[in-house]
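So the structure is just underneath, and the comments pick up after that.
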Amino acid sequence: MTLNRRLLNWSLDEIRQGQLWPIAVSMMLIVSCIFALSALAERMEQVIVKQGKDALTADTVYITANPINSETQQLITHAGLETSFYTRFQTMAFSDNGMQLITVKAVDDKFPLRGDFILQSGEIQSHRVQPNELWLDARIIDRLGVKIGDSVSIGDADLIVKGEVVYEPGVSFNPFQQMPSAYIHQDSVSSTGAIQLGSRVQFRAYMVGDDQTIEQLKSQIPMTPSDRWRDENSSRRTNEIFSRTTQYLSLTVAIIIIMSATTLVLTGQNYVQSRRQTVAMLKSLGASREWIVRWLSIQVLLLAGIAIVSGLAIGFGLEALLRIPLKDLLPDPLPSFGVLPVVIAILSSLLIAIPALGIPLYRLMSVSSKEVFQNQESSSHWGIYCLILVPLIPLLVTYGDNTLVWLVLAGMLGLFALLGLISVLCTVMISRLQLPIAFKLAISRILRSKSSTALQYGALALSLMLLTTIWLVRTDLLQDWQRTLPDNAPNAFAFNIGDFDKASYLHTLDSQNIQRSEAFPIARGRLAKINQQAANVENRPNAKDTDALRRELNFTFADQLPTYNQVVAGQWTETNGVSVEEEVAEALDLQIGDSLTFTINGQEFEAIINTIRKVEWRDMKPNFYFIFTPDVLQSLSTTWLVSFRLEAADDPLISQLSRQYPTVSLMDIRAMGDKIQQLLTQIVWSITVLAVLGVAAGLLLIFTLLRLSLTQRQQEFRLYRTLGASRKRLLATIWAEYGIMALVAGIVATMGAELVVGSIMKFGFDLNWTWHLSTWLAVPLAALFTLAIVLFSLLRQLVTNDTKTVMTQ
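Positions 1 to 809 (full-length UniProt numbering) are the ones given, in order, by the sequence shown.
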């Protein structure tokens, strides 16, 4: 008991002396990052498993733009599946106090088959819509100025407001609802008279049953271009912002773990080197191998315990911060993440620590007692290096299909050698310049062993590169997301403007100094033929990537293309031409000069593709898949669309426009815009927190690299002092040497980071990449600043006037 207590006290002294604290910090970072991301992923997985099919309100959904015919209904009925039918259309709702464009959702007695549906009428809650009932979204109730019991006209039907829609299935993960919903029963659809020939309607059949029966039914129902199936996998199309946020979180956590693991390895190696003499002395005094194993094991267990406890504590806080951007998507109360993330975090840190600490500690235990008198290389035991497989195999299993992580790892392996080589070449070029004596001595010292210098350069440059990569990817993502809703983006759209109302409507906007777009003529139709062949999804392998063949589209014509659309191919013509949006052109394999035939109001129109445009849909400006030259559609009667920007002071104008132009549909999306901005702010906060943590891990690694380099040269510094080198000359040479290394490594790291970030943005996030000119100055300066901190903290104890140490060793 007394011996164990002495070993414990000695181990605590070892930790307090400062040799081992980077090990604890590295393990703490690994535990906290893995726990935070695992806990968040576990919460999201539970939500997705629970609500994935609830969001569909079924196991599968048959969706069509045409009424479901009797043959299809019979097939569905005979399949023995539980089924609910649904009809959705848009129309105007009128009350005595106002009007509002709404989405009407007509459901039957069984809706929903899955998920929660909460309707509130006073103090009474309901979960089904009954015949002759009208349930309104709170936004409709507010804008129409109605209450329970009031009458609202939807088409030809006057319906009595039954209550408010508190929660509807299928939208719990969608924060971007554009148009408020009204629920009626299927029996009321015909009385509204709102569905006419050419109306924009969607019909659905929700089905619940076993997978085999559903697949058999899918094979029996013939599909048209306007039909599609939607199941749990096809419906979970998370907004790209959240998808890229998750990718960035995974990428950053992987880089943090890599940098922390590297710090762990370096610190373990340094500790072994610093304790070889101690272990040799203990063995010469009779200490057994078992006693040394016990002494080292106590230290490792203490460090692991400190790292795990503190890492989990930090991980809880980090998970809360990372959850901020998803708070509107997660249910309240949150599902518990259980013990799995804790197990994953602890197990992962231990898997990484086993080779990182196990290999050097094994070599330390193998030190001979003869090293008390003379340094000797320990005999090689290559079998111990099999410990590297301990974390490598789980890494392959976990990240086997994560392109981003493997892209970074592959880049690291190749760039390590490349960065080291380039750094040495840059130093050789610097050596040819006329430099002060301190710099000449410094460069001579750096180039004394080019292989060792290349390794040191490679490690330092790679650390700086990873740190820079984290920050640059964050910056590029933020710049891209800021385009999601620019400050001056339109937040209102007016459509169905007749020719007779167009001039006065635009004059009203202009007289109020409303910032607006040009007015676009609108006609609805379908793409029917491509080069005189039927435009079917079956004939175009990539057509599944677009809905251009599945539904009616909005077409427009103009003398010139919109200035905010970038032409990527072709040249605009004045006649018989059509411009195609880039993604549609890629999905349908369309080329300049192809002939397209469109069906609009039963008439066929043919045009030749003259340009392909890149469209930024997030600008919220009027954009179209197809834009024609005026001559193609000149025989059609059209309505007009205009977008404009409203401020809070313009609320009276909305009421004025609604009263003055009752046939014009006005969509006010200011609430949606505010929500997007709020979500973006939360996301920025979340990824910045993780980026800062990544920077901390990078700085710890850089600090460790410089600290170990200086520590390993302590004996050399003392020898120089013994031979008469002045303290001033020695300090100047050290500052020059490490300053050159930091500057060169910073420049080379920036170059490597630009290449890696460019690859990540292009192949990982499918975004454009530009040079980050300010980074070429910021990174070298940051490297010099970090170096200065390390040198100021260590030089006093390393450069000493005590030459007796050299003489006694």
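We treat Cβ as the ideally placed atom computed from N, Cα and C, and that holds for glycine. Everything numeric in this text was worked out from a predicted model, so none of it was measured.
Quick one, are the C-beta atoms of M667 and P490 less than 8 Å apart?
The residue given as residue 667 occupies position 667 in the sequence shown. The residue given as residue 490 occupies position 490 in the sequence shown. Going by C-beta atoms, M667 is not nearer than 8 Å to P490.
Can you tell which of S121, I184, D150, G758 has the C-alpha that lies nearest to the C-alpha of T475?
As a working note, residue 475 is residue 475 in the sequence shown. Out of S121, I184, D150, G758, G758 has the C-alpha closest to the C-alpha of T475.
Segments assigned beta strand (DSSP E), at least 3 residues, entirely inside the stretch 582–608
Under the rule that a run must span 3 or more residues, the beta strand (DSSP E) segments found entirely inside the stretch 582–608 read 595–600.
Do you know whose CA, among P355, R613, V253, lies nearest G315's CA?
Numbered from its first residue, the sequence shown carries residue 315 at position 315. Nearest option by C-alpha distance: V253.
In terms of alpha-carbon separation, which member of R516, S504, G602 lies closest to E552?
On the sequence shown, position 552 is the one that residue 552 refers to. Residue G602 is the option with its Cα nearest to E552.
For my contact list, Q120 and V166 are in at a C-beta cut-off of 8 Å; report their separation, rounded to the angstrom.
Counted from its first residue, the sequence shown places residue 120 at position 120. Counted from its first residue, the sequence shown places residue 166 at position 166. Yes, they are in contact, since the Cβ atoms of Q120 and V166 sit about 5 Å apart, within 8 Å.
Tell me whether the beta-carbon of K529 lies closer than 8 Å to the beta-carbon of T597.
Within the sequence shown, the letter at position 529 stands for residue 529. Within the sequence shown, the letter at position 597 stands for residue 597. Yes, Cβ-Cβ distance for K529 and T597 is below 8 Å.
Examine the Cβ distances between the stretch 201–220 and the stretch 62–82 and report whether three or more of them are shorter than 8 Å.
yes
For I422 and I443, which I take to be in contact (beta-carbon distance under 8 Å), what is that distance rounded to the nearest angstrom?
The sequence position of residue 422 within the sequence shown is 422, counting from 1. The sequence position of residue 443 within the sequence shown is 443, counting from 1. About 16 Å separates the Cβ atoms of I422 and I443, ruling out a contact at the 8 Å cut-off.
Pull the bridge partners of F555 from the DSSP assignment, please.
As a first step, residue 555 must be located in the sequence shown, where it is residue number 555. DSSP lists A523 as partners of F555.
Answer with buried or exposed for R659, where buried requires no fewer than 16 other C-beta atoms within 10 angstroms of its C-beta.
Here residue 659 refers to the residue found at position 659 when the sequence shown is read from its first residue. R659 comes out exposed.
For V390 and F626, I'd like the C-alpha separation in whole angstroms.
Your numbering for residue 390 matches position 390 in the sequence shown. Your numbering for residue 626 matches position 626 in the sequence shown. Using only the alpha carbons, I get a separation of about 56 Å.
Compute the Euclidean distance between the alpha carbons of I592 and A535, then round it to the nearest angstrom.
As a position in the sequence shown, residue 592 is number 592, starting the count at 1. As a position in the sequence shown, residue 535 is number 535, starting the count at 1. Across the structure, I592 and A535 are spaced so that their CA atoms are roughly 17 Å apart.
Sequence-distant residues of its chain with Cβ nearer than 8 Å to L357 (five each side left out):
In the sequence shown, counting from the first residue as 1, residue 357 sits at position 357. Closer than 8 Å at Cβ, skipping near neighbours: I23, L264, G268, V300.
Enumerate in chain order the residues of its own chain whose CB-to-CB distance from L784 is below 8 Å, with the five nearest sequence positions on each side excluded.
The sequence position of residue 784 within the sequence shown is 784, counting from 1. Hits under 8 Å: G739, A742, L743, G746.
Cutoff 8 Å; reference E604; Cβ partners in own chain excluding five residues on either side
Here residue 604 is taken as the residue at index 604 of the sequence shown, counted from 1. Cβ within range, chain order: A528, T597, F598.
Is it buried or exposed for V397, if we count other Cβ within 10 angstroms and need 16 for buried?
The sequence position of residue 397 within the sequence shown is 397, counting from 1. Result: exposed.
Could you check the C-alpha separation between E581 and A607 for me, to the nearest Å?
In the sequence shown, the residue the question calls residue 581 occupies position 581. In the sequence shown, the residue the question calls residue 607 occupies position 607. Annotation: E581 to A607 spans about 15 Å, alpha carbon to alpha carbon.
Out of L296, A79, T103, G80, point me to the one whose CA is closest to Q90's CA.
Taking the first residue of the sequence shown as 1, we reach residue 90 at position 90. The shortest C-alpha separation from Q90 is found at T103.
Rounded separation between residue 833 and T775 - CA only:
Look at the range of the chain in this structure, 1 to 809, and you will see that residue 833 is not part of it.
If I'm right that S188 touches P131 with Cβ under 8 Å, what's the distance once you round it to whole angstroms?
Translated into the one-based positions of the sequence shown, residue 188 becomes position 188. Translated into the one-based positions of the sequence shown, residue 131 becomes position 131. With 8 Å as the limit, S188 and P131 qualify as a contact, their Cβ atoms being about 7 Å apart.
To test your reading of the DSSP string, which unbroken beta strand (DSSP E) runs of 3 or more residues are found completely within the stretch 135–219?
151–154, 157–167, 181–185, 201–208
Candidates E574, W572, S26, T638: which alpha carbon is nearest I522's?
To locate residue 522, count along the sequence shown from 1; it is residue 522. Cα-wise, what sits closest to I522 is T638.
Three or more C-beta pairs closer than 8 Å, one from the stretch 30–40 and one from the stretch 333–348: is that the case here?
yes
8 Å Cβ cutoff met for A304 and M27
Here the question's residue 304 lines up with position 304 in the sequence shown. Here the question's residue 27 lines up with position 27 in the sequence shown. Cβ distance < 8 Å, so A304 and M27 count as in contact.
When the Cα atoms are used, what is the spatial distance from V367 to I354?
Indexing the sequence shown from 1 puts residue 367 at position 367. Indexing the sequence shown from 1 puts residue 354 at position 354. Taking the straight line from one Cα to the other gives about 20 Å.
Residue 810, buried or exposed, once every other Cβ within 10 Å from all chains shown has been counted against 16
Because the chain spans 1 through 809 in this model, residue 810 falls outside it and cannot be assessed.
Excluding sequence positions up to five away, which residues of its chain have a Cβ less than 7 Å from the Cβ of S310?
Position 310 of the sequence shown holds residue 310. Excluding residues within five positions, the ones whose Cβ falls inside 7 Å are M28.
CA nearest to the CA of K105, picked from E168, L75, S260:
Position 105 of the sequence shown, counted from the start, is the residue given in the question as residue 105. Taking only the C-alpha atoms, the option nearest K105 is E168.
Any idea what DSSP makes of S579, helix, strand or coil?
The residue given as residue 579 occupies position 579 in the sequence shown. Note: S579 maps to strand in three-state DSSP.
Leaving out five residues before and five after V578 in sequence, what residues of the same chain have Cβ atoms less than 8 Å from its Cβ?
The count along the sequence shown starts at 1 and reaches residue 578 at position 578. Hits under 8 Å: L596, A607, I608, I609, N610, F626, I627, F628, T629, V632.
Are S191 and A138 close, meaning C-beta to C-beta below 8 Å?
As a working mapping, residue 191 is identified with position 191 in the sequence shown. As a working mapping, residue 138 is identified with position 138 in the sequence shown. For S191 and A138, no; Cβs fall outside 8 Å.
Count the other C-beta atoms from every protein chain shown that fall within 10 angstroms of the C-beta of V49, then say buried if there are 16 or more, exposed otherwise.
What you label residue 49 is simply residue 49 of the sequence shown in a count that begins at 1. The pLDDT assigned to V49 is 45, lower than 50, so where the model puts this residue is not dependable, and the model offers no usable value.
Going straight from the alpha carbon of F337 to that of I30, what length do you get?
What you label residue 337 is simply residue 337 of the sequence shown in a count that begins at 1. What you label residue 30 is simply residue 30 of the sequence shown in a count that begins at 1. Cα-Cα distance, rounded: 19 Å.
I'd like the ranges of any alpha helix (DSSP H) spanning at least 4 consecutive residues and lying wholly in the UniProt domain "ABC3 transporter permease C-terminal" (253–366).
289–322, 340–365
Neighbour-count burial assignment, Q51, 16 or more Cβ in a 10 Å radius
By one-based count along the sequence shown, residue 51 stands at place 51. For Q51, the predicted structure reports a pLDDT of 49, less than 50, and the residue's modelled location is therefore unreliable. A value from the coordinates is still provided. It is buried - the Cβ of Q51 has at least 16 other Cβ atoms within 10 Å.
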